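In the numbering used here, the protein residues as written are 2 to 125. C-beta: ideal position from N, C-alpha, C; glycine also. Note that the structure is a prediction, hence the values are computed from the model and not measured. To start, the structure itself, in structure tokens.
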């Protein structure tokens, strides 16, 4: 039995071209490592997005603090598109990116990241 959660997107394939979602942009001003957990802020919870809007789906997912890579996979978006959209939402004040490891990270923080990575790999 497969215990993985299904992607948030339902129905057929996404017919919107990735470059239309990002207005042709490929980068972001926000530092977004793929493994960085992203969390929805209060402003993101109260903002009303049109039905089916990818940004609204991202905000919904981020209530569980997924990584940028998980957002990409769950919404079936190219990683670059997910990074641009998440960066836009961070800049707008709807999301917060939590730091991953730095030179000052404790041994426990490093151990936790390794554990999360292994759990993610096992889930695949």
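Annotation: residue 101 is outside any beta strand (DSSP E) and is labelled neither H nor E by DSSP.
The beta carbons of residue 59 and residue 90 sit closer together than 8 Å. Linking residue 78 to residue 112 through their CA atoms gives a straight-line distance of about 29 Å.
DSSP, read as helix, strand or coil, puts residue 49 in coil. With respect to residue 43, residue 63 sits apart: the two C-beta atoms are not nearer than 8 Å. Shown here for residue 66: same chain residues with a beta carbon closer than 8 Å to its own, the five before and five after excluded, namely 38, 39, 40 and 99 in chain order. Ranked by Cα distance from residue 116, the first of 32, 29 and 36 is 36.
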